[in-house]
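Participant: Mind looking over this structure? Questions follow.
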Amino acid sequence: MRILILGGTGEARALAAALADSPDLQAVSSLAGRVSNPALPVGEVRIGGFGGVDGLVDYVRGERIDAVVAATHPFAGTITRNAASAAAIVGLPLVILRRPPWTPDASWVRVPDIEEAARHVAATPAGVVFLTTGRRDLSAFAGDATHHFLVRAVEPPEGERPQQLTLLLDRGPFRLEGELRLFREYAVSLLVTKDSGGEMTVAKLAAARELGVPVVVVDRPALPPGPPVRSTVDGVLDWLAQLAG
Ligand code: NAP
């Protein structure tokens, strides 16, 4: 069986590695091509968008794909919806691999999207906002001249950005001591994050709790209804084994 892994996450790379030695399951990993120096999965890799649902349909038919694993970042909502649509059109089995969200804290302010996060920030007193929502979400905060934004991202931001900005180019994993140092050094007064889940970037939430810094969490986009969801690589491997058996 030929498996398309929609990737861009550590879990997708772990799945590709787990399938590398399989005699029956041959994986091709797909990356969006957003970062200049991506961590590459082992095995066959293709890079770049497919061209919407139609392009994905053409791709899976042309490449004779037998099953799709949508293992993208929890906030990559478009490609996940496109995968569900394309799989339904072609009649392909699809499973979604999504790591669990972070354990919620009662003190968090939860917002449905980045625009609402920006509205919430605008209504809070002036201070330093630690923004870890990704470089492509800065435009929502561009009109905010009151706050200073400490932005941490893997690559430099694109598009509009707030006037008062300090950019930290860094890639996780981040540890609690380092996060505490960062919060103190920049006198962070508010943390804004997406509910990405996982261990790599969770320490900032512990640091905020320890220092009494309020937290705004952007909720995940809804999953497309229908396809099964697994929260671990092993769960997807079981799903694939059932499919192959
Ligand atoms: P998105 O909004 O769901 O997708 C936008 C478009 O990018 C899709 O319509 C598709 O283009 C293309 N695309 C996305 N993932 C792709 C993949 N794995 N292979 C081929 N094309 C893909 O996704 P995104 O938020 O831009 O994220 C892009 C990639 O970065 C994903 O692989 C994701 O796992 C990773 N990532 C995202 C975040 C985040 O916060 N969003 C964080 C870390 C990593 P076409 O319509 O042309 O097919």
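The sequence shown begins at 1266 in my numbering and counts up by one. Positions of the beta carbon are idealized from the N, C-alpha and C atoms, including for glycine. Quantities reported herein were computed from a predicted structural model and do not represent experimental measurements.
Taking the continuous alpha helix (DSSP H) assigned at residue 1268, which residues delimit it?
Facilitator: Counting from one through the sequence shown, the residue named residue 1268 turns up at place 3. Note, residue 1268: premise wrong, no alpha helix (DSSP H); beta strand (DSSP E) at 1267-1271.
Participant: Taking a contact to mean a Cβ-Cβ separation below 8 Å, would you say residue 1483 touches residue 1398 in this structure?
Facilitator: Locating residue 1483 in the sequence shown gives position 218, counting from the first residue. Locating residue 1398 in the sequence shown gives position 133, counting from the first residue. A contact, by the Cβ cut-off of 8 Å.
Participant: Quickly, what does DSSP pair residue 1459 with across the bridge? List them, please.
Facilitator: Here residue 1459 is taken as the residue at index 194 of the sequence shown, counted from 1. 1483, per the DSSP bridge assignment.
Participant: Does at least one heavy atom of the ligand NAP sit under 7 Å from the Cβ of residue 1321?
Facilitator: Counting from one through the sequence shown, the residue named residue 1321 turns up at place 56. It does: the Cβ of residue 1321 is within 7 Å (strictly closer) of some heavy atom of the ligand NAP.
Participant: Keeping to the same chain, check which residues put their C-beta closer than 8 Å to that of residue 1386; ignore five residues upstream and five downstream.
Facilitator: Locating residue 1386 in the sequence shown gives position 121, counting from the first residue. Here the set comprises 1394, 1406, 1409, 1412, 1455, 1457, 1481.
Participant: Which residues in the same chain as residue 1513 place their Cβ atom closer than 7 Å to its Cβ, once the five residues preceding and following it in sequence are excluded?
Facilitator: Past the edges of the chain, shown from 1266 to 1510, lies residue 1513, and the structure says nothing about it.
Participant: List the whole-angstrom C-beta distance separating residue 1279 from residue 1492, where the pair is believed to meet the contact cut-off of C-beta under 8 Å.
Facilitator: As a first step, residue 1279 must be located in the sequence shown, where it is residue number 14. As a first step, residue 1492 must be located in the sequence shown, where it is residue number 227. That belief does not hold up - the Cβ atoms of residue 1279 and residue 1492 are roughly 20 Å apart, past 8 Å.
Participant: Please report the straight-line C-alpha distance between residue 1367 and residue 1462, rounded to a whole angstrom.
Facilitator: In the sequence shown, residue 1367 corresponds to position 102, counting from 1. In the sequence shown, residue 1462 corresponds to position 197, counting from 1. Approximately 5 Å, taken between the alpha carbons.
Participant: Taking the alpha-carbon positions, what's the residue 1468 to residue 1360 distance?
Facilitator: Stepping through the sequence shown from its first residue, residue 1468 is reached at position 203. Stepping through the sequence shown from its first residue, residue 1360 is reached at position 95. Their Cα atoms are separated by approximately 29 Å.
Participant: Is it buried or exposed, residue 1444, if we count other Cβ atoms within 10 angstroms and call 16 or more buried?
Facilitator: One-based indexing of the sequence shown puts residue 1444 at position 179. With 16 or more Cβ atoms within 10 Å of its Cβ, residue 1444 is classed as buried.
Participant: Measure the C-alpha to C-alpha separation of residue 1308 and residue 1501 and round it to an integer number of angstroms.
Facilitator: Residue numbering aside, residue 1308 sits at position 43 when the sequence shown is read from its first letter. Residue numbering aside, residue 1501 sits at position 236 when the sequence shown is read from its first letter. For residue 1308 and residue 1501, the distance between alpha carbons rounds to 18 Å.
Participant: What is the rounded straight-line gap between the Cα of residue 1355 and the Cα of residue 1332?
Facilitator: Within the sequence shown, numbered from 1, the residue matching residue 1355 stands at position 90. Within the sequence shown, numbered from 1, the residue matching residue 1332 stands at position 67. In a straight line, the C-alpha of residue 1355 is about 10 Å away from that of residue 1332.
Participant: Quick one: complete beta strand (DSSP E) runs, 3+ long, within the segment 1409-1474?
Facilitator: Segments of the beta strand (DSSP E) lying fully in the segment 1409-1474: 1413-1418, 1430-1434, 1453-1459.
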